[in-house]
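Residue numbers (this note's numbering): 7 to 398.
For each residue, glycine too, the CB sits at the ideal point set by N, CA and C.
Please read all numbers here as calculations on a predicted model, not as lab measurements.
Written out as C-alpha cells, the structure reads:
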C-alpha cells in the first residue's frame with residue numbers, strides 16, 4: 007500500500023469514527039425535553055400542554071431547515087453546514103439552561119430545530135454518499151444510543167436534586183465540543199464531499215419534479231408516523247385498553263425502542279452479505295406482520311411490539327443509503343433533506359391524528375392504524391422498487 011493510500015485509509019477511518027460520535031451526539035438532545043418538562047413547567051408555572059408550543063416551534067424549524075438543506079449545500083460545504091448547525095443546537099441547549107421565562111424558550115426551541123434539521127440532513131447525506139449500508143445502519147444505532155443516553159443524563163441530574171438547567175448545561179457542553187470538532191475537521195468533510203458531489207447543482211424545484219423523490223418522501227412520511235405512533239401510544243393501548251400493568255407496559259415500550267437500536271446493529275452486520283433490497287424487504291414485510299401481532303390480545307402483542315421495532319430498524323438508514331445511487335449526485339442533496347423533512351411531518355401529524363381518532367373510536371384504533379400504515383409503507387416500497395431497481 008502506498009503512502010497516499012495509507013493516508014486515505016486513515017482519513018476514511020477518522021471520518022467513520024467522527025460520524026459515529028456525531029450521530030451519538032445528535033441523539034443526545036432529542037428526548038431530554040420530555041424528562042425536563044415537568045421541572046420546566048413548574049419553574050415557570052405553565053400548564054402541561056404548553057409543551058406543545060415548544061414542540062411545534064422546534065418541529066416547524068426542523069422541517070424548514072431539512073427541506074432547505076439541499077439549497078444550503080449549494081452555497082456551503084458539508085463541513086461548514088455541520089459546524090454551523092451544531093453551533094445552533096449548542097446555542098439552543100444553552101438557552102434552555104439560561105432562559106429567565108417560558109416565552110424565551112420558544113425562539114430557543116426554534117433555533118434548536120433549525121440546527122437539528124440541518125445537521126440531521128447533512129450527516130445523512132454525507133453518510134449516504136460515502137459509507138456502506140452496514141455503516142449507515144450502525145450510525146443510526148448510534149443515534150439511538152444518544153437518544154437513550156440524553157434522558158438518562160437529565161434523569162440523573164434531577165435525581166440528585168439538581169436543576170434541569172444543569173442537565174441542559176451538561177448536554178450543551180457536549181454539543182459545544184462536537185461543534186469545535188466539526189470546525190477543526192471541516193476541511194476533511196468538505197474536501198471529500200466536494201470530490202463526490204461536484205455535479206450537485208440542480209435546484210430544489212427540479213428535484214421535486216422527479217416522481218421517485220415523492221415516492222421516497224411518502225415512504226418517510228409514513229415511516230415517521232409509524233415509528234412515533236408506536237413509541238408514543240402503545241403504552242396507552244396496553245395499559246388502558248388491554249389492562250397491562252404500568253411497569254409491564256413501560257418495559258414493553260422501552261423494549262420497542264431498544265429493538266429499533268439493536269435491530270440496526272444486527273442489520274448492519276447482516277448487510278455484509280445481504281443487499282439493500284433484501285434488508286428493505288425484510289423490514290417492510292416484517293412491520294405489518296408485527297403490527298398484526300400487536301392487534302392480538304395477550305403476551306403475543308408484546309412480542310409484536312418488539313418485532314415492530316426490530317422490523318423498522320433498517321428502513322430509515324437503508325433508504326438513505328440508496329438515495330444517492332437511485333437519484334444521482336445532482337438530486338441527492340435535496341432528496342435527503344426532503345426525506346428528513348417528510349419523516350418529521352409524519353412524526354408530527356400522524357400520532358396526534360391517531361390519538362384524536364382513538365378518543366372517539368376506541369384505543370384499538372391504534373393497532374388498526376399500525377397495520378394499515380405499515381401495509382401502505384410496504385406497498386409504496388414495492389412500487390418504488392419496481393420503478394427503479396434497488397442498487398446492490
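Closest by CA to residue i, which one among the options?
| i | options | result |
| --- | --- | --- |
| residue 175 | 104, 147, 328, 137 | 104 |
| residue 184 | 84, 50, 29 | 29 |
| residue 76 | 286, 276, 211, 251 | 211 |
| residue 80 | 304, 209, 360, 354 | 209 |
| residue 123 | 72, 42, 259 | 72 |
| residue 361 | 237, 268, 386, 88 | 237 |
| residue 350 | 68, 260, 225 | 68 |
| residue 102 | 54, 170, 163, 59 | 170 |
| residue 130 | 363, 231, 346 | 346 |
| residue 190 | 388, 20, 253 | 20 |
| residue 66 | 96, 116, 87 | 116 |
| residue 257 | 267, 244, 278 | 244 |
| residue 49 | 193, 106, 82, 253 | 106 |
| residue 250 | 54, 304, 110, 89 | 304 |
| residue 114 | 95, 233, 54 | 95 |
| residue 354 | 232, 181, 155, 24 | 232 |
| residue 125 | 110, 51, 83, 159 | 83 |
| residue 246 | 365, 272, 213 | 365 |
| residue 381 | 314, 348, 213 | 314 |
What residues in its chain sit with their C-beta under 6 Å from that of residue i, if we drop five residues either side in the sequence?
| i | result |
| --- | --- |
| residue 151 | 30 |
| residue 204 | In this predicted model, residue 204 has a pLDDT of only 46, less than 50, meaning its place in the structure is not dependable enough to derive any value. |
| residue 274 | 140, 143, 144 |
| residue 18 | none |
| residue 330 | 134, 135, 338 |
| residue 198 | Confidence at residue 198 is low in this model, with a pLDDT of 46, below 50, so the placement of that residue is unreliable and no value is reported for it. |
| residue 310 | 296, 299, 300 |
| residue 221 | 390 |
| residue 26 | 148 |
| residue 206 | With a pLDDT of 48 at residue 206, under the threshold of 50, the predicted position of this residue should be treated as unreliable, and no value is reported. |
| residue 308 | 258 |
Taking 8 Å as the threshold (C-beta atoms), are residue j and residue i in contact?
| i | j | result |
| --- | --- | --- |
| residue 216 | residue 312 | no |
| residue 293 | residue 383 | yes |
| residue 358 | residue 127 | no |
| residue 91 | residue 118 | no |
| residue 316 | residue 265 | yes |
| residue 157 | residue 38 | yes |
| residue 219 | residue 386 | no |
| residue 323 | residue 270 | yes |
| residue 36 | residue 179 | no |
| residue 320 | residue 369 | no |
| residue 177 | residue 87 | no |
| residue 259 | residue 276 | no |
| residue 45 | residue 224 | no |
| residue 352 | residue 226 | yes |
| residue 160 | residue 41 | yes |
| residue 193 | residue 85 | yes |
For residue i, which residues in the same chain have their Cβ closer than 8 Å to its Cβ, ignoring the five residues on either side in sequence?
| i | result |
| --- | --- |
| residue 56 | 47, 108 |
| residue 22 | 137, 141 |
| residue 235 | 356, 357, 360, 372, 375, 376, 379 |
| residue 306 | 299 |
| residue 112 | 59, 60, 63 |
| residue 363 | 371, 375 |
Please work out which residues of its chain come closer than 7 Å, Cβ to Cβ, to residue i, disregarding the five sequence neighbours upstream and downstream, and give them in chain order.
| i | result |
| --- | --- |
| residue 97 | 117 |
| residue 327 | 134, 139, 142, 282 |
| residue 290 | 321, 383, 384, 387 |
In chain order, each alpha helix (DSSP H) run of at least 4 residues that lies wholly inside the stretch 302 to 382 = Restricted to the stretch 302 to 382, the alpha helix (DSSP H) segments that are unbroken, complete and at least 4 residues in length are 305 to 318, 321 to 333, 338 to 367, listed in chain order.
Secondary structure, alpha helix (DSSP H): runs of 4+ residues fully inside the stretch 226 to 262 = Those alpha helix (DSSP H) runs which fall completely within the stretch 226 to 262 and span 4+ residues do not exist here.
In chain order, which continuous runs of the alpha helix (DSSP H) of length 4 or greater are located wholly inside the stretch 47 to 118?
-> Counting whole runs of 4 or more residues, the stretch 47 to 118 contains the alpha helix (DSSP H) stretches 57 to 73, 75 to 78, 84 to 104.
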